[in-house]
Every structure is written in structure tokens, then in C-alpha cells.
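Heads up, the thing below is written out as C-alpha cells.
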Amino acid sequence: MKAILKTFALTAALSIVSAAGAVADGTGWKPSGPIKMIIAFAAGGGADTQARLIADDIQAATGWEVIPEQVTGKGGVNALLALKDMPADGTAIAMVVTESLGYNAAAAGNAGIVPSDFAGLTTTAGFQMGVVAKADKGWSSFADTIAAAKEGNLRFGTMSPKLSDLAFLLGEAQGVEFNIVQVAGGKAVMNGVQAGDMDLGFMAGIQGKGVASGDLVNLASALSEPLVQTPDAPTLADLGVQFNADGYFVFVAPGGMDTAARDALTAAIVEAANNGKASAMIEKAFGGAVTIQGSELDALLQSDYEAASELMQAVQ
Amino acid sequence: MSSDRWLALSFLAISVLIVFVWIPLDTESGLIEKERRKFVIGDALAPTITGAIIALGAFLTWLRPGRGHTISSKNVIWILLLLTIFIISLVIVRYAGPVSAMGFVDGYRPLRATPPWSYIGFLLGGTAMIGGLTSAASRRLSIRGFAVGFAASLIIALLYDLPFDDLLLPPNGDV
Amino acid sequence: MGLWEHIVAGVLAVLLSEPLLGVPVVILMVSGGFLLGITVGATPGLAGPMAMAIALPILISIFGFSNDALLPVLGFLIGIMKGATVGGAVPAILFNTPGTPDAYMTTLDGYPMAQKGEAKRALRIAHFSSASGDTFSDIVLVVCAPFLAILVERYLDLPEKTALLILSLAFIASVIGGSVGKGIISMGLGLLAAMIATGEDFYPRLTMGQSNLAEGIPIAAAVLGVLILGEVFKALEDLHRQSGSNASPEITPGKGSALSRADLRRLFPYVGRSALIGTCIGALPGVGSTLAATLGYTTAKRRYIASKPDYAPDFGDGAAEGIAATEAANSSVSGANLIPVLSLGIPGNAAAVFLILAMDSIGGFNPGPSVFRLGGGIGDSVMNPEMVMVFGIFTSMFVANALNWTIGGIFMRSVGFMARIPKERLLPIVLLLTLTAIYVQETSMAAIWMTVFFGFLGYGMRRVGMSPLPFVIAFILGQNLEATARQAFAATGADPFFLFNSPIALAFILMSSGVVIYNLRKSAP
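Protein chains in written order, with my numbering: chain A, 40 to 355; chain B, 17 to 191; chain C, -18 to 506.
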């Protein structure tokens, strides 16, 4: 009797252990070695911090070894090129922005990057992209800005070719001409606007604190929807531009990946973005996690890619 | 002609090659481009100015040559000797691990973060590099140099590998 | 928030940093760096920048890329920088071999003093002068850097900023090394390397279709290759040529009395003058501590001849004033060279290059005028985290000074043995350590090959008498220069004469040509 009980207890214990194991690695998939996580953003910024926290969270939750690695430059195209030739067995993933696989992939035609070469895993957060100026310019609405621009060309700071195109179209729609100054990254736009090197510029969330304290103003939303922080600011569509700067941070893997691996990785990242150490950071810096996955994500990436050529046509 | 004038001529030739061959073949946009109906600086402008700066430096060197300094044939032999040491040791670093893991079905990649496999290339290649360089500097094949090389490689490997989970020793990020 | 709150926060960021082994981690790191720096400085063949280069990737691995990493990492590097100048005097005095290049002048009087049995006294004088010069320089840094930054921010627009970068590069290229022409070639090569795969097109320019180059040349590969591998290749070849060593016999420190009040009064004018010279030179980009030491020594020599009593030894025969003048001058460079680093983001010497590299790799701190903006421009109620960081850096420097005054002298007198380690064993190990450091950052064998390539370039430059420093500084500033110029062009509405239209920009450009022409005439054959 004792022996039977013992066996029973042992079996129960074993099944609990194995059940826990199955939960830990989702569908039961396990990487064959350490996972290389390519980060397309400069070290130390918000995006980089987010990626590294997610790596920590995944490692803590699943026990998979995740090794972050920076591959920066060319708006994420370099990271995608590095990822493209890696094995599609779940041991290599990358964090980029949707714009990398959309406008930038389309613009870098010779590089040979197309969304179908990649398996989208999940987005983690969206941008609160606004058109921002310093409050002491005295502009309380976008109309004030346009009035000032008619007096003399204003300098418009942007951080990617797509945003430069949008700034150009915005000027055209409003009948003014901006001197478009393209710099590397949102922090540089922020510094340029602060130092007076630029009059206004695109900022993707970094303006939050300044707008809250009243030193910066969100003049317009560059998204298809109003900004959370300044819901009254007009959207680009309201201002006569039919394109927008909607965008997300997104994890991708090389194309042709096995479904079990794709699901397991997606589940691990989503879990980190929603509940891990990363989730607190995402909440603070990007206003909460947005996790678009699966076929919805594939469709998003494909349509961004196709919309890019229209935008490029529009500025010719 | 002084050696500095030869140097000046070589760099003048290099700058001509840069400006008239390399840049036109290897940049996408030109000096100035029209983009969004405005002129912007193209990707070829800065390298072209750089080429001109090298040419200016060469011209000034020609104008005011200094004394002495030149690369002798002895220097060239030394460079070749160093290059040989580096080629041998870096090839060992890169391939010693994969070769020793040939018996495994999946090969070396799954083992790249697992000691002792992850150490093989670095230890052997590092030993060869330190031993080789020490021998070259002291002009005799020094067994002690290789022993010190092995000890130093082991210490360096442990220094990086033990405390840090995230770091990969050479060549484990390439496999 | 006002200036005072930022200062307090900066000091507290150091003093109240996470304790490790019971000591706030920043203070622990500064101490560790400082002691390592003295040891490295006392080792002929190794120099401060080398140790900084090798320590950086290890430090980043320990502390990661978060904002909390910045002060411990920079503290350690600053400790090395300061320690190395102190340590350089040790073998200069005991072995007649300078531990660092800027300690060469110390051998002239230090070794004769040691031969007369006054080694310990010589070491004390070196330490006192070095610590004084260093502290003075740091005070000047703290006072000047913020004002310079504010001036830059207030008066310089994009075209002027472009012109200022051009002026810095012109200055560096024509002042370093003996030949203006070779300095400019070196700078041009650095700029060219910085152009590879950068630029705004999606096509990575000048990469010759090599995918390994598509991300550009890793900064570490170019900088460490030229500065460290180049030097190691050259030093190993010198050993290869040398038949046997001709080192001077070692002298043990022995006994010696502390410096008396009268000694200090006698030395003080020499220390003061040299500290001033070193600080002024340190604040100029590109003019290094070796020149400061030379100038300090020669100025002091002129003074000394005029005023010396008959019984005192001449310069070169063991005059205490010679050691004091040299060590005060070369040590006072280290604080002042952070003035252009922090207020403009322009590195002036190899040590500053590695500090910029550290800030760049960790991120979250971009040296330049924005660092000194109250409230970070975000609002009066908000702290500017970068400004807090700057005061944290200043605090770390004064922690290093405090260490220097207290334990520096004792430690310095105990590292004489380092000069006995044979270079042909040490240098190959340094080389492997450097290559490994680069690999763990870049994780690609291609980066190692590039480093070796730049090592040969650095070797070649040294052999033809071309200073590698303009290359390195131009490489670091190159991308910034091109980007600023593009922005200035765009911001002025595509004005091709943007560099000449404002009086300040025009003045900078005229000064750039002026400095080249002046140095060229000076070097007339």
C-alpha cells in the first residue's frame, strides 16, 4: 500500500513538474541554443532599454538564454539585413520599428528587404508622434505656426526620410515651405528644438514630460488618431495630409519559421511586454503595451510597405 | 628625392583614386541632389571633400618635407611576419571549435555557449597569437611564451565568461 | 530646478550610489581605477588610454547600458586617467625610463636625484606637484565648462557649429606632431574612415559591396587598432631589433624625509606656473600632456637659471624644481581636457577619446551644450538628468583627487616593480585582451580583422612620422561634422555659402586657415 501511495505521489509530483515546464515554454518548443536578439536602436535610449528588459524578462520566465546585440543604422535596414540570413529556428530575432519594414525597406530597394522575407512576431508599443514646438514660440494652435511660417521659412526637425516627406506634404497642404532638417533620432530633434536650431519638429513620445510641464506644445498629431496627451490637436488628416506616421516597435524573425517556434517566441515577448519588468517601462515611456500579432501583424507590415511607394510618389 | 616627398606623391595618387574612382563607383547620390523640390547635400559630397583634404595634406607635405622617416624593407618583413601570426592564430580561433565538434549531428552552433566547447578556439588561437608574438619579438621560438600565452588566454577567457552570461568569446558570435 | 539642486543631486549620485562591499559603488570604482592607473602608468609600454580602452568593454558588461552605469564606468576611467599621470613618474625616477610619454622630462632630474640617494624625496616631489596640478585643473574645469557651454548654446547656430568643428579639426591636425601636411593627411584618413557606410542614402556608401562594412567601421576597431595595436606592433618591432636591453640600473626608494614647509614654498611658484601652462594647453583640443610637460619644464628652466643659488643643482643634475615643473604640467592637462569634451563634445586627446567612447556606448549622456541646460529645457520643475550626471562626474574627479592626496603617494612608491615586467611578454597579452574586448562588443570576427588592419595603419603612420591622433579625433568627429553641415545647409534653405554668411562662422573659418598657415610657416625648413 505504502509503495503504491509512494508511486502515486511521485507520479503526481512528476506531472506537476512537467506541466509547469510546459507552461514555462509555451507550446513546449525550446530553442536549440542561445537566442540572439538584434536591437536596431542606439544603446541607452528608450527603445534599447525596452529591448533589453524584454530580453531579461524572457530569460527569467522561460530559462532560454537571450543575448542582445546592437545592429544600428539606416533606419533598421541594417538590422533586418543582419537578421535575414540567420537560421529561422528561433535562435535569432530582431527588434525594429514598423517603419523599418515599411518605408525604409521600400526606399532601400537595392538592399532586397521585403516583409515576406520575415516572420512578424508581435508589436510591443506604439508611438505618440506629435508635431512639437517650444511653448515660448507663443503658438497656441497650428494656425499660429502657419502664420509664422508665412513670415519666413521655419525649420522643421525630423528623424527619418518618411517623416521628412510628411513634413514636406504638411507644408504643401498649408501653402508654406519648411526648411526640413533631418537628424538622427528623436532625442536630436528634441535637442534641436530646445537649442533653437529648429522651430518645430516630430517627436515620438519624448515630448511627454515637457508638454505636461507646459514648456512644449503638441501642435498636431502625426497619427491617424488624436494624441492621448493633447486630444484637441488636429491630426495630419485634419490638416490636409492623407498620410500618417502611425508606427510601432516590432519583433521579427527570419521568414519561413516553424509555427511552434514563432508562437512560443511571440507568447514570451507578449508576456514580457504586458507583465514583465519591461511592461512598467513601456507604460511609462510609450503609454502602454500594444501587441499586434499573427495575421493581423503580417497584414499591417505588408500594407505599410505598399503605402510607402505612394508617399514617395507624392513628394516627387 | 626625400622620403617625405614620396609619401606626399603616394597620398596624392590615393586621393585622386578616392575622388575619381572609388566615390563615383560606390555612392548612390551625387554631390548635390534635388529632394522634395529642394537642394540637399548628397552622399558623395563629404567623401569628395575628404579626398581633397588628403590631397591638400599631401601638397603641404611636398612643400615642407621633414627628414628621415620611411618604411624600410625590414619594416615590410616585420609586417608580413605579424600578418602570418595573425592569420594562423585567427584561423585557429575561428575553426578549431567547429572542427572538434564535427562528430555531433548539429555541429558546433548549439554548443557555442557551452564550455568546454566554447573555449577551444579562443584558447588555442590565443596561445598561438601570444606565443607567436613573444617569439617574434625575442627572435627565438619561446616555449615559455606559448605557456604564458595559454595561461593568459585562459585567464582572459574566464574573466569574460564566468561573470557575464551575455558575452560570447571569439568566435562564438559568428558560428 | 536651480543650479544648486543639480549640484547637490550630482554629489549625492556619487556619495549615495548603491554600496558595493560597503562603499558607494562610484567611489569604489574611482578608487579601483585610480590604483590601476598608477600601476599602469608605472609600467613602461602601457599607458592610461590603453588601460581605459581595455577596461571599457569589461565595465559595460558589468554595469550594462542603463543610466546608472554611467557614473561608475566614467568614474573608473577618470581614475585610470588621473592615476596614470602620477604613476608615469615612478619608473622615470627609479629606472630612468618614463612610464608614460609625458614623464620623459621627469627622468632628466628624477633619475639624477635618485642616483644621489634621494629617490624617495624625488617621488614625493613628483606626487605633490602632480596632485596640485591635477586639482587646480579640475577647479578650472568646473568653473569654465558650464560658461563655455552656455556661450555656445546662446550664440552658435548650426552653421557656426559646423565652422567650430572645422576649426577644432584644423587646429588638431596642424598642431600635433612635427608636420602640418602629415597631420592633415592623418585627419583626412580619419574622416574617410568615418564616411564608410554612413550618410543618408539607404545604400551604404564606400563599402565596396562588403556586408561586413554595412554598419560602418566599429569605433572601437578603428580607435583601438590605430592607437593600441599600432603602438604594440611598433614596440614589439623595436624589441625585435634591440639586441639585449640597456636599461639603467634600478634604484630602490630607500629612506627619505617628508617635504618641509620651506621645500614647498620653494617649489610652489614652479608648480603654480606649470599648472597654469598645463591647464591652458589641456583646454585646447589636440595639444597633449607631452607638450605641456615640455613647455612647463623649459619655462621653469629659464626661470631657474635666473634665480638659482650657487649651491643648488642645475636642471638635468637633479633639481627638484625640474620634477615639480614637469609633473605639475602634465597632470594639469587631465582636468582641463574635459572642458571641450563636456561643453562641445570634442575630444582633445586619447584619454578624452575613451571617455567620449564610454558615453557613446552606454548612451543617455550626450556631451555638448545641452548637458548644461537648466531643467533640461523640459521645465523648471524638472531636473536635467545630464546636468546631474556632469556634477556627478565632477564629484568623481574630486574623489580621485582626494585619493591622490591621501593614499596616492604611498601607493605610488610601492609600484616600482612593474617596470621589471618584460615588454615582450606583456604586450602580446595586452593585444589579445584588446582584441577580445572588441569581440565581446561587436561579436564578429570581421571586427577583429578590421582592428588588425587599423593596427597596421597605425604602425605605418608611426613609422613615417605621422601622428595617429588626428586620425582618431577626425574619425570620432567625422559623422557629427557631416551631419551638422547637412543640417546647416538644409536649415538655411540650401544656402551654399552658409559657412561664410555669419560673422562668427566666418571668423572660425578664417581662424582655421590661419592656424594651418601659421604652423606651416613655423615648420619652415
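For each residue, glycine too, the CB sits at the ideal point set by N, CA and C.
Taking the alpha-carbon positions, what's the residue 281 of chain C to residue 178 of chain B distance? Translated into positions along the third sequence, residue 281 of chain C becomes position 300. Translated into positions along the second sequence, residue 178 of chain B becomes position 162. Distance between the alpha carbons of residue 281 of chain C and residue 178 of chain B: 52 angstroms.
List in chain order: all unbroken alpha helix (DSSP H) runs of 4+ residues lying wholly within the segment 133 to 187 of chain B. 133 to 154 and 159 to 177
If we cut at 9 angstroms on Cβ distances, does residue 134 of chain C have a partner in chain A? For the purposes of this step, residue 134 of chain C is identified with residue 153 of the third sequence, where counting begins at 1. Yes, because at least one Cβ of chain A sits closer than 9 angstroms to the Cβ of residue 134 of chain C.
In or out: residue 90 of chain B buried (at least 16 other Cβ within 10 Å) or exposed? One-based indexing of the second sequence puts residue 90 of chain B at position 74. So residue 90 of chain B ends up on the exposed side.
For the 8 angstroms Cβ check, are there 3 or more pairs between the segment 1 to 13 of chain C and the segment 379 to 387 of chain C? yes
Kindly list, in the order they appear in chain C, the residues whose Cβ is closer than 7 angstroms to that of residue 144 of chain B. Counting from 1 along the second sequence, the entry for residue 144 of chain B is found at position 128. Result: empty, since nearest Cβ-Cβ is about 10 angstroms, beyond 7 angstroms.
State the CB to CB distance for the pair residue 303 of chain C and residue 278 of chain C, rounded to an integer number of angstroms; the pair is presumed to be in contact (CB under 8 angstroms). Numbered from its first residue, the third sequence carries residue 303 of chain C at position 322. Numbered from its first residue, the third sequence carries residue 278 of chain C at position 297. Confirmed, about 6 angstroms.
Measure the beta-carbon distance from residue 344 of chain C to residue 83 of chain A and round it to whole angstroms, keeping in mind my assumption that it falls under 8 angstroms. Taking the third sequence and counting its residues from 1, one reaches residue 344 of chain C at position 363. Taking the first sequence and counting its residues from 1, one reaches residue 83 of chain A at position 44. For residue 344 of chain C against residue 83 of chain A, the beta-carbon gap comes to about 2 angstroms, under 8 angstroms, which counts as contact.
Report all residues from its chain with a CB closer than 6 angstroms to the CB of residue 125 of chain C; omit the five preceding and five following residues, and keep chain order. Taking the third sequence and counting its residues from 1, one reaches residue 125 of chain C at position 144. Excluding positions up to five away in sequence, the list reads 320.
Decide if residue 122 of chain B is buried, meaning its Cβ has at least 16 other Cβ atoms within 10 Å, or exposed. In the second sequence, counting from the first residue as 1, residue 122 of chain B sits at position 106. Flag for residue 122 of chain B reads exposed.
In the structure shown, what three-state DSSP assignment does residue 158 of chain A receive? Indexing the first sequence from 1 puts residue 158 of chain A at position 119. Three-state result, residue 158 of chain A: strand.
Same chain, Cβ closer than 8 angstroms to residue 50 of chain A, five either side skipped, listed in chain order: One-based indexing of the first sequence puts residue 50 of chain A at position 11. Only weak support exists for where residue 50 of chain A lies, its pLDDT of 44 falling under 50; the coordinates are left without a value.
Whole angstroms are fine: how far does the CA of residue 50 of chain C sit from the CA of residue 25 of chain C? Within the third sequence, the letter at position 44 stands for residue 25 of chain C. Within the third sequence, the letter at position 69 stands for residue 50 of chain C. Going from the Cα of residue 25 of chain C to the Cα of residue 50 of chain C covers about 31 angstroms.
Please check if any C-beta of chain A sits within less than 9 angstroms of the C-beta of residue 225 of chain C. Your numbering for residue 225 of chain C matches position 244 in the third sequence. Note on residue 225 of chain C: pLDDT 49, under 50, position unreliable in the model; no value is reported.
Per DSSP, what kind of secondary structure is residue 260 of chain A in: helix, strand or coil? On the first sequence, residue 260 of chain A is found 221 positions in, with the first residue counted as 1. In the structure shown, residue 260 of chain A sits in a strand (DSSP, three-state: E or B).
Would you list the one or two residues that DSSP bridges to residue 194 of chain A? Mapped onto the first sequence, residue 194 of chain A falls at position 155. According to DSSP, which records beta bridges pairwise, residue 194 of chain A is partnered with A:218.
Using the beta-carbon count (16 or more within 10 Å), is residue 176 of chain B buried or exposed? As a position in the second sequence, residue 176 of chain B is number 160, starting the count at 1. Residue 176 of chain B should be labelled buried.
Exposure of residue 122 of chain C, with buried meaning 16 or more beta-carbon neighbours within 10 Å: The residue labelled residue 122 of chain C in the question sits at position 141 within the third sequence. Under this definition residue 122 of chain C is a buried residue.
Selection of the segment 176 to 193 of chain A by Cβ proximity to chain C, strictly under 8 angstroms: 192
Are the beta-carbon atoms belonging to residue 310 of chain C and residue 276 of chain C less than 9 angstroms from one another? Position 329 of the third sequence, counting from 1, holds the residue named residue 310 of chain C. Position 295 of the third sequence, counting from 1, holds the residue named residue 276 of chain C. For residue 310 of chain C and residue 276 of chain C, yes; Cβs fall inside 9 angstroms.
Can you find a C-beta in chain B that's less than 9 angstroms from the C-beta of residue 102 of chain A? Here the question's residue 102 of chain A lines up with position 63 in the first sequence. False, the Cβ-Cβ gap to chain B never drops below 9 angstroms.
Contact set for residue 320 of chain A: own chain, Cβ-Cβ below 7 angstroms, skip 5 residues either direction: Counting from 1 along the first sequence, the entry for residue 320 of chain A is found at position 281. Excluding sequence neighbours, residue 320 of chain A sits near 88, 89 and 92.
Where residue 87 of chain B falls: helix, strand or coil (DSSP): Stepping through the second sequence from its first residue, residue 87 of chain B is reached at position 71. Residue 87 of chain B falls in the coil class under three-state DSSP.
With 16 other Cβ atoms within 10 Å as the buried cut-off, status of residue 78 of chain A: As a first step, residue 78 of chain A is located in the first sequence; it is residue number 39 there, counting from the start. Residue 78 of chain A should be labelled buried.
Are the C-beta atoms of residue 100 of chain B and some chain C residue less than 9 angstroms apart? As a position in the second sequence, residue 100 of chain B is number 84, starting the count at 1. Answer no: the Cβ-Cβ gap between residue 100 of chain B and chain C never drops below 9 angstroms.
Positions along the segment 50 to 77 of chain B whose CB lies within less than 9 angstroms of some CB in chain C: 54, 55, 56, 57, 58, 59, 60, 61, 62, 63, 65, 66, 67, 68, 69, 70, 71, 72, 73, 74, 75, 76 and 77
Mark residue 60 of chain A as exposed unless 16 or more other C-beta atoms lie within 10 angstroms of its C-beta, in which case mark it buried. The count along the first sequence starts at 1 and reaches residue 60 of chain A at position 21. With a pLDDT of 41 at residue 60 of chain A, under the threshold of 50, the modelled position of this residue cannot be trusted, and the question is left open.
Would you say residue 192 of chain C faces chain A, with C-beta separation under 9 angstroms as the test? Mapped onto the third sequence, residue 192 of chain C falls at position 211. Interface residue, yes.
Counting only Cβ pairs nearer than 8 angstroms, list the residues of chain C close to residue 222 of chain A. For the purposes of this step, residue 222 of chain A is taken as residue 183 along the first sequence, with counting starting at 1. The answer, in chain order, is 464 and 468.
Use the C-beta contact count for residue 281 of chain A: other C-beta atoms within 10 angstroms, 16 or more gives buried, fewer gives exposed. Position 242 of the first sequence holds residue 281 of chain A. Its Cβ having fewer than 16 others within 10 Å, residue 281 of chain A is exposed.
Counting contacts by CB-CB distance shorter than 9 angstroms, is residue 168 of chain B in contact with chain C? In the second sequence, residue 168 of chain B corresponds to position 152, counting from 1. Closer than 9 angstroms to some Cβ of chain C, the Cβ of residue 168 of chain B qualifies, so yes.
Taking 9 angstroms as the cut-off, decide whether the C-beta atoms of residue 137 of chain B and residue 113 of chain B are in contact. Here residue 137 of chain B corresponds to residue number 121 of the second sequence, with the count starting at 1. Here residue 113 of chain B corresponds to residue number 97 of the second sequence, with the count starting at 1. Yes, they are a contact pair.
Looking at chain A, which residues of the segment 113 to 145 of chain B have a Cβ within less than 8 angstroms of any of its Cβ atoms? 122, 125, 126, 127, 128 and 129
In whole angstroms, give me the CA-to-CA distance for residue 315 of chain C and residue 239 of chain C. Here residue 315 of chain C is taken as the residue at index 334 of the third sequence, counted from 1. Here residue 239 of chain C is taken as the residue at index 258 of the third sequence, counted from 1. A straight-line Cα-Cα distance of about 26 angstroms links residue 315 of chain C and residue 239 of chain C.
Under 9 angstroms by beta carbon: chain A residues contacting residue 79 of chain B: Residue mapping note: residue 79 of chain B aligns to position 63 of the second sequence, counting from 1. What residue 79 of chain B touches in chain A: nothing, since even the nearest Cβ is about 39 angstroms away.
Less than 9 angstroms between CB atoms is the rule here; does residue 106 of chain B satisfy it with respect to chain C? Residue numbering aside, residue 106 of chain B sits at position 90 when the second sequence is read from its first letter. Chain C contact via Cβ: present.
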